[in-house]
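Asker: Take a look at this one; I'll ask things after.
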Amino acid sequence: MSNNTEPLPGTSDIWEPETLDWIELENAARDIFHRYSYSEIRTPIFERTEVFVRNLGTETDVVQKEMYTFEDRGHRSLTLRPEGTAGVIRAIAGHGLDQGDEARVFYFGPMFRGERPAAGRRRQFHQVGVEAVGSNSPWQDVEVITMLVHFLERIGVKGGKVNINTRGLPEDRAAVSAALKEYFAPHAHEMCEDCQRRLDTNVWRMLDCKNETCKAIAEKAPIIVDLLGPESRDYFDKVCQGLKETGVDFQFEPRLVRGLDYYIHTVFEVTHSGLGAQDALAGGGRYRITFPGSKNAIEGIGFAAGMERLLLARESLGIKAQPRREADVIVLCLGENAIVPGIKLTDGIRKEFSDLRVKADFTGRSMKAQMRGANKVGARLAVILGENELDQGVALCRDMTSTEQTAVPLTQLFDFIRKMTF
Ligand code: HAM
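Residues in the sequence shown are numbered consecutively from 170, following our numbering.
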């Protein structure tokens, strides 16, 4: 029987020491992205459903099978965001981006997809992502991919494989689709149900189906870049050349098309062997998105990395944040009369020592029980305040490592603490 104190399948509670790893990732991301001149944006967790349907594409798995969509009390169809890009671009479009303006933003946060839960595949997962909007230069693509690699290096995730491909300009699509259809049509009956449907609705996705039979057939499919016009090919050449210049170790992956329909030109993914079956650590690409009422299509490039997957990759490499002591100093209040002075003293220590974690025990428990509590939180110093100590204007300081106890006048307590190493 399911226990109703457990989180729902595919969701988790995250707390210390795990949260320390999350904070490390977030701090590293903020540091790196700020250095590339990106600023942080926070958009709502739910949006009008059409924000996602229009932009991700009606034939994508995310829109067809995975969105958490509900009607609110005003009978509006709303959806918990399955990804960050559409909402961020909605925000930027709403803000008004004039021709020639640029916006560069990054974000963290929960995303929701109703997928079958597995290792590294969650229903509520978290992404760290960036979007660089307003520049249609291939050098912008180079910068974004280089920044992703820089970020992965910074968080210690070695061994990621950067795969890149191009989907070309929208005007080249019809020729590619026709060639792919011609190739796949005679094989369709051997392929999975999804691919049989995709032959008419989204033939590009037949290239990166995970089914083994489909994969074998897709191996021999025409190469997208060979079917594109000169402008698209030239764009892709510049991106590849730029990545060589910035020293990014990448591989051309001719069957990479990505699962969302807004992409044009460059698409990329980083995979990592430490992740098992769900091996995509991050993915992204260039996109063109339009909103009803906004003047121009918005073009940008970005990526998102799954934070759970980044943490799994780090773990596979033996990287974990150091667990913290729950308290460095604990003030034990013995007896009713010691509680108020004890709380004041605790407050004073916190204000004087900004880098110490300080806790007060005002449970009124016995000395023995409070000392057990002090050990449990890993305290380095216990400051014991009882009636006798209060009468004498001292606190009994117990070094929890050496067990040495010293009666320290309250007026000298801060100096005593300052001399200790924590
Ligand atoms: P995406 O490839 O759908 O792209 O997701 C990006 C990353 O999110 C994946 O590489 C994976 O690490 C993580 N992820 C996706 N689904 C799950 C899941 N169910 N459980 C755990 N992690 C997951 C996007 O979302 C695009 N918005 C990226 C982008 C930004 N393109 C341009 N700008």
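Idealized CB from N, CA, C, for every residue including glycine. Note that the structure is predicted; figures quoted are calculated from it, not measured.
What did DSSP end up calling D530 once you bin it into helix, strand or coil?
Answerer: Strand at D530.
Asker: Can you grab the Cα-Cα spacing for the pair R482 / F320, in whole Å?
Answerer: At residue 482 the sequence reads Ala, which differs from the Arg that was named. Looking at the two C-alpha atoms, the distance is approximately 14 Å.
Asker: Is the beta carbon of L565 sitting closer than 8 Å to the one on C502?
Answerer: No, Cβ-Cβ distance for L565 and C502 is not below 8 Å.
Asker: Please state the DSSP three-state secondary structure of E240.
Answerer: Correct three-state label for E240: strand.
Asker: Please go through the same chain and pick out, in chain order, the residues whose beta-carbon is closer than 8 Å to the beta-carbon of D310, but skip the five residues on each side of it.
Answerer: Result list for D310: V408, G411, H434, T435, R455, I470, in chain order.
Asker: Mind listing, in chain order, the continuous alpha helix (DSSP H) runs of no fewer than 4 residues lying wholly within the region 178 to 220?
Answerer: Complete alpha helix (DSSP H) runs here, min 4: 187 to 204.
Asker: Tell me which residues share the same chain as G179 and place their Cβ nearer than 6 Å to its Cβ, disregarding the 5 neighbours each side in the sequence.
Answerer: These residues qualify, in order along the chain: P286, R291, R292.
Asker: Apart from the five residues on each side of it in sequence, which residues of its chain come closer than 6 Å, Cβ to Cβ, to P186?
Answerer: P492.
Asker: Have a look at L550, I261, V231, A260 and flag the residue whose alpha-carbon is nearest the alpha-carbon of T248.
Answerer: The shortest Cα separation from T248 among L550, I261, V231, A260 belongs to V231.
Asker: Return the bridge partner residues of E468 from the DSSP annotation.
Answerer: In the DSSP output, where bridge partners are listed per residue, E468 has R457.
Asker: Find out if the Cβ-Cβ distance for the pair S192, V257 is shorter than 8 Å.
Answerer: The sequence as given places Ile at residue 192; Ser does not occur at that position. Cβ distance not < 8 Å, so I192 and V257 don't count as in contact.
Asker: For I488, does the three-state DSSP call read helix, strand or coil?
Answerer: If DSSP states are grouped into helix, strand and coil, I488 belongs with coil.
Asker: According to DSSP, simplified to helix, strand and coil, what is I324?
Answerer: Here I324 sits in coil by DSSP.
Asker: Would you call the region 538 to 551 and the region 497 to 516 touching, i.e. three or more CB-CB distances under 8 Å?
Answerer: Yes, the region 538 to 551 touches the region 497 to 516.
Asker: Among E362, E359, V372, which has the Cα closest to the Cα of S346?
Answerer: Comparing Cα positions, the closest option is V372.
Asker: Do I333 and L194 count as a contact pair if the criterion is CB distance below 8 Å?
Answerer: Not closer than 8 Å, so no.
Asker: Runs of 3 residues minimum, wholly inside the region 291 to 357: which ones carry the beta strand (DSSP E) assignment?
Answerer: Fully enclosed beta strand (DSSP E) runs of 3 or longer: 293 to 302, 330 to 335.
Asker: Is A446 helix, strand or coil when you go by DSSP?
Answerer: Coil at A446, not helix or strand.
Asker: State the Cα-Cα distance for the pair D190 and M476, rounded to the nearest angstrom.
Answerer: If you take the alpha carbons of D190 and M476, they lie about 10 Å apart.
Asker: Is the Cβ-Cβ distance between G328 and G298 less than 8 Å?
Answerer: No, Cβ-Cβ distance for G328 and G298 is not below 8 Å.
Asker: Is S523 helix, strand or coil by DSSP?
Answerer: Coil.
Asker: Among the residues of its own chain, which have a CB less than 6 Å from the CB of R374, if the five just before and after it don't count?
Answerer: So the list reads R367, once near-sequence residues are dropped.
Asker: Report the rounded CA-to-CA distance for G226 versus G428, giving the unit in angstroms.
Answerer: Whole-angstrom Cα-Cα distance: 9 Å.
Asker: Is E252 near the ligand HAM, going by C-beta to nearest heavy atom under 7 Å?
Answerer: True, at least one ligand heavy atom lies under 7 Å from that Cβ.
Asker: Could you tell me the distance, in whole angstroms, from the CA atom of R245 to the CA atom of R217?
Answerer: Roughly 8 Å between the two C-alpha positions.
Asker: May I have the straight-line CA-CA distance separating G278 from K537, to the nearest angstrom?
Answerer: Computed Cα separation, rounded: 44 Å.
Asker: State the start and end residues of the unbroken beta strand (DSSP E) segment that holds L582.
Answerer: Per DSSP, L582 belongs to no beta strand (DSSP E); it is in the alpha helix (DSSP H), 582 to 588.
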